[in-house]
Every structure is written in structure tokens, then in C-alpha cells.
Amino acid sequence: MTRTPLTLEDAPALTALLNRIDAADDLGEPAEIPSIRELLTMPGLDLERDTLAVRDEEALIGFTVVDVHTSLDRDERVRCQLMGGVDPSRRRQGLGASLFAWAEERAAQLAAERHSAEAEAVFRAAGGRDPDLDAGEDAPLTGGAGVRPLLESRGYRRARSWLVMLRELPGAALPEIEREQVRVSAPADEDSEATRLAHLAAFADHWGSAPVSAERWNRWWFSHTARRELASIALDADGTVLAYVIASEDKPGVLHIALVGTRPEARGRGLARAVLARTLAAAAETGYASAELEVDAESLTGATRLYDALGFARDAVYATFEKPVGRLV
134 MTRTPLTLED APALTALLNR IDAADDLGEP AEIPSIRELL TMPGLDLERD TLAVRDEEAL
194 IGFTVVDVHT SLDRDERVRC QLMGGVDPSR RRQGLGASLF AWAEERAAQL AAERHSAEAE
254 AVFRAAGGRD PDLDAGEDAP LTGGAGVRPL LESRGYRRAR SWLVMLRELP GAALPEIERE
314 QVRVSAPADE DSEATRLAHL AAFADHWGSA PVSAERWNRW WFSHTARREL ASIALDADGT
374 VLAYVIASED KPGVLHIALV GTRPEARGRG LARAVLARTL AAAAETGYAS AELEVDAESL
434 TGATRLYDAL GFARDAVYAT FEKPVGRLV
């Protein structure tokens, strides 16, 4: 076996590896080559230094990607996201542990390069989907949750739960929304920065959130999976974006509501409901069979109540695991 950085030419092999992992772990998140190319060219990611691939001769059998945020999060911490996976046929051979060890070392190094030594860092990793309530104690972990024993052995603990919520389309009639001199429409290309600024304001008080750069935001905004005609923004008379929905299509026929936010000063006016209602109605007219979203189970803004009221039903729970690593000195 050899260990080398990922390259852009690895996009097809990495897509195939992720789809083998998806099938084995029952993730329901198939990968496509264009999306993996976007990942590998993500602004701020240095493939040579921030990725590692394990190969058996020419076959890609494992990888990790380290993504250290350039801004501190709400709690003044450096957020270090560790991503990766091992081919299902090559698990329980120590590859996952060795990839994690490399990723943690690189994350600590990169965090120190980007931030003051006085800053505190936190390693974060996906913990997969919770088992079904009716699954027996001896049932195998699926939905990517098989990584949890490895995470826990390395000092990670569950930090947050995320609800996946689904709504069939067209579904029940959507409520009429009084817009109070606010215009709700699909955003245009030139609305990207105004919507990013609204997002920064909307998520400033959310757990784990850190300001996203214009460069990264534009990567999402113009992603090949983005469905901007189905996104929605609420504009006041001055053209300020007060609330927004960002939408994408990651699985055929399913509209993914990637982001929903309202500026703090505009909360309580039904604007999130208005932009969501427009997006859902437009998706139904376009022919989408369903819409899905993920929401923080402990959201301070009562988002779960809003989604319940709009006909979303809770489908699954996913976990984020963290390991605080203290100051960078």
C-alpha cells in the first residue's frame, strides 16, 4: 500500500469509493463526479497538504480530507472538520485509525498556521445516523454510525444531533403568508453577496457556526447541484435580504433545502415561512416528489416547530462528534 495526497484526477475513483461506502453503510447519499470535483477544488483546500489517500497498487481504498475554517466559530474556537472513509472490504485493518491520526496532526498544524496560538481548536467528525428505535441491541450499526466506536476510542463525544425532515410534494396545502411589504422571489446571480450577508447575520448565534467567506459561498451558490430557481429570498423596500432559502438537488427528484435563515431583527414576522412556502410550491410545480432538510435538534430559533407546521415529518437523526483540543500552543 502507498499513501499519497489526493489529486483532481482521483475524482472518478473517489466517487466510486464513496458510493461503495454509501451502499455498505446505508447512507442514502450517493456521490457524483461533478460534486467530488467541487470538493477537491474547494477554496482554501490544499490537496497536497490537506488530503491523504491510501492506495493498494492503483486502487483507492481509503482517504481523509482536513478542512480548517478560516474564521473562529460562535464560541471563539477553530473548527477543524475531519472527513474520510475506508473501503468496506478493507475495514478492521487499522486504516481508519491511521487516517484519523494523520488528519488530527494535520488539522492541528493548519489551525496553528491560520490562527493565533491563543485560540482553542476543536476536531469535528460525522457520527452517522442513529439506529432505528425498533432495532435490537445486537443490530449492526448502519447509516455510517459504525464509525462511532473509533471516534469514542480517540476521545470524541457526541456534541450535536440533527433531525432529517421530509415533506411529500405537493402534499397538504401551504398556508397563505402575509408578506408585509416584503417581496419574495427567486434570487438572481447578483443576489449572492446580499444573501451571504443575510446568512452571516442569521447564523451568528447558531451552535458551531463560523462566518463563511465570499469565495466559498459562491462555490455553493454556483454549484452544479444548486437549484437557484427554487431558492427564495425575502427583500425589504431597500433591497436588503431579510430571509432566504438555499436549495439544491443532491438526489434525483428530491429537493434538498440546504439553508434557511432570517436576520435576527426580522424574526417573528413569518418571513422564514414565506420563503419556505414559495420554495415548496415552486418545487411541486416543477415536479419534485419530495423535499428534505436537516435541522439542529436544539435550535434556539424554534426551527423544528416551523417545519412541523409546514408539513415536514421527522425521518432520522444524525450526530456530530467533537474532540476539544485546547489552545494551539
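According to our numbering, the sequence shown holds residues 134 to 462 in order. C-beta: ideal position from N, C-alpha, C; glycine also.
Cβ pair residue i, residue j closer than 8 Å
i: Leu170; j: Ala144; result: Here residue 170 turns out to be Arg, not Leu, going by the sequence shown. Going by C-beta atoms, Arg170 is nearer than 8 Å to Ala144.
i: Ala272; j: Pro282; result: no
i: Ala254; j: Val458; result: yes
i: Ala250; j: Val199; result: no
i: Thr262; j: Ala449; result: Strictly speaking, residue 262 in this sequence is Arg, with Thr absent from that position. Yes.
i: Arg300; j: Gly444; result: yes
i: Leu363; j: Thr328; result: no
i: Leu426; j: Arg396; result: no
i: Leu302; j: Ser381; result: no
i: Gly195; j: Gly227; result: no
i: Leu284; j: Gly260; result: yes
i: Asp155; j: Pro167; result: no
i: Arg361; j: Pro320; result: yes
i: Gly394; j: Ala347; result: no
i: Ala430; j: Trp295; result: yes
i: Glu455; j: Arg290; result: yes
i: Arg411; j: Leu368; result: no
i: Leu141; j: Leu173; result: yes
i: Pro138; j: Leu178; result: no
i: Arg402; j: Glu313; result: yes
Beta bridge counterpart(s) of residue i as assigned by DSSP
i: Asp220; result: The partner list for Asp220 (beta bridge, DSSP) is empty, contrary to what the question assumes.
i: Leu299; result: Glu425 and Ala446
i: Gly276; result: Its beta-bridge partners do not exist; DSSP assigns none.
i: Phe454; result: Ala258 and Arg291
i: Thr135; result: Arg188
i: Leu215; result: Val199
i: Tyr438; result: Checking the displayed sequence, the identity of residue 438 turns out to be Arg instead of Tyr. In the DSSP output, where bridge partners are listed per residue, Arg438 has none listed.
i: Gly459; result: Ala254
Alpha-carbon to alpha-carbon, residue j and residue i
i: Ala241; j: Phe355; result: 31 Å
i: Val408; j: Ile366; result: 6 Å
i: Val187; j: Pro221; result: 14 Å
i: Arg257; j: Ala414; result: 36 Å
i: His357; j: Asn351; result: 12 Å
i: Arg127; j: Leu232; result: Nothing can be reported for residue 127, as the shown portion of the chain is limited to 134 through 462.
i: Ala149; j: Ser318; result: 38 Å
i: Ala335; j: Val428; result: 14 Å
i: His389; j: Glu165; result: 15 Å
i: Ala157; j: Ala278; result: 12 Å
i: Asp383; j: Ala359; result: 9 Å
i: Glu398; j: Ala337; result: 12 Å
i: Gly372; j: Arg225; result: 55 Å
i: Gly161; j: Leu151; result: 11 Å
i: Glu326; j: Arg136; result: 39 Å
i: Ala416; j: Gly435; result: 24 Å
i: Ala306; j: Ala234; result: 51 Å
i: Leu333; j: Val345; result: 7 Å
Residues near residue i by beta carbon distance below 6 Å, same chain, minus five either side
i: Tyr440; result: Met298
i: His248; result: Val211
i: Arg349; result: Pro176
i: Thr197; result: Leu185, Gly217, Leu232 and Ala236
i: Gly341; result: Asp206
Residue range of the beta strand (DSSP E) that includes residue i
i: Glu382; result: Val374 to Lys384
i: Thr203; result: Ala192 to Leu205
i: Ile366; result: Ser365 to Leu368
i: Gly401; result: Here Gly401 belongs to no beta strand (DSSP E), and DSSP marks it neither H nor E.
i: Leu154; result: Reading off the sequence, residue 154 comes out as Ile, not Leu. No beta strand (DSSP E) holds Ile154; the alpha helix (DSSP H) holding it covers Ala144 to Asp158.
i: Leu392; result: Val387 to Thr395
Extent of the continuous alpha helix (DSSP H) to which residue i belongs
i: Phe336; result: Counting along the chain, Phe336 falls outside any alpha helix (DSSP H), and DSSP gives it neither H nor E.
i: Glu348; result: Ala347 to Trp354
i: Val315; result: That residue, Val315, is in no alpha helix (DSSP H); it is neither H nor E in DSSP.
i: Thr419; result: Leu404 to Thr419
i: Leu228; result: Leu228 to Arg247
i: Leu283; result: Arg281 to Ser286
i: Ser168; result: Ile166 to Leu173
i: Arg116; result: With the chain represented from 134 up to 462, any question about residue 116 goes unanswered, as that position is not in the structure.
Residues near residue i by beta carbon distance below 8 Å, same chain, minus five either side
i: Arg406; result: Pro308, Ile310, Leu439, Ala442 and Leu443
i: Leu461; result: Val211, Ala241, Ala244, Ala245, His248, Ser249, Ala250, Glu251, Ala252, Glu253 and Ala254
i: Arg223; result: Asp189, Ile194 and Gly195
i: Val280; result: Gly229, Ala258, Ala259, Gly260 and Gly261
Close Cβ partners of residue i (< 7 Å) along its chain, the five nearest in sequence each way excluded
i: Asp159; result: Thr275 and Gly276
i: Ala343; result: His202, Ser204, Leu205, Asp206 and Arg212
i: Asp189; result: Met134
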